[in-house]
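Enquirer:
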Amino acid sequence: MNPNSTRQPGSEPGLTLPPRRIILTGFMGCGKTTVGPLVAERLGWKFLDVDDVIEAESGVTIAELFARQGEAHFRTREHATIARLALAEALILALGGGAIEEPSTRELLLTTPGTLLIHLEVELATTITRCAGTEDTRPILADHANLANRYNKRLPLYRSAHVSIAVDTLSPGEVADAILRFAKPT
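Each position in the sequence shown, counted from 1, maps to that position plus 16 in the numbering used here.
1) Let's test the definition: count the other Cβ atoms within 10 Å of the Cβ of SER120 and tell me whether it reaches 16, buried, or not, exposed.
2) Let's see if you can read the secondary structure: which residues bound the beta strand (DSSP E) around THR131?
3) First and last residue of the beta strand (DSSP E) that includes VAL179?
4) State the beta-bridge partners of PHE63 as determined by DSSP.
5) Kindly indicate the opening and closing residues of the alpha helix (DSSP H) around LEU81.
6) Less than 6 Å between C-beta atoms, sequence neighbours within five positions excluded: which residues of the same chain meet that for PHE198?
7) Would you decide whether PHE82 is buried or exposed? Buried here means 16 or more other CB atoms lie within 10 Å of its CB.
What follows is the structure, encoded as structure tokens:
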């Protein structure tokens, strides 16, 4: 298996290998939306980003949804979208970084048969480097203390995934290769 993995799939409830769908989670800058399409292409599957789906369905940006209706409303909408998409076959789905904080979403992703939840683990310093210049769309990047608190709060939740892969030193292709090693039957 991948030497960068900190956790390998075993007999977790709902985990079926090979999976019928792969869900990618992790902190901003971990590469979900870069790697997801690569994996989808190699498997001949579809790739979707939950935030893109929500924006397309609502007609406004995630930032506007937060500003207009608040985080609680957004998380309810996000959960409903994930619950619907988590039943699709042959799908690579990238989650927003905060989706994993919602206990019902986390439970759904860990127990839905055929779902492989993969955490792309990135160090906070790597996030800051990779996301530099995107502070306009990610204002939290300007507040390093708040960013570190959010990262530290989410890290144990991310690590509850079926698989964690350390991605800091890997190219997108190498991350895709690692995901495929977990996703394909041996």
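C-beta: ideal position from N, C-alpha, C; glycine also. Treat the numbers as computed from the prediction; the structure is a model and nothing was measured.
Expert: On the basis of the supplied data:
1) exposed
2) 131–137
3) 179–182
4) When beta bridges are read from the DSSP output, PHE63 appears opposite ILE108.
5) 78–101
6) VAL179
7) exposed
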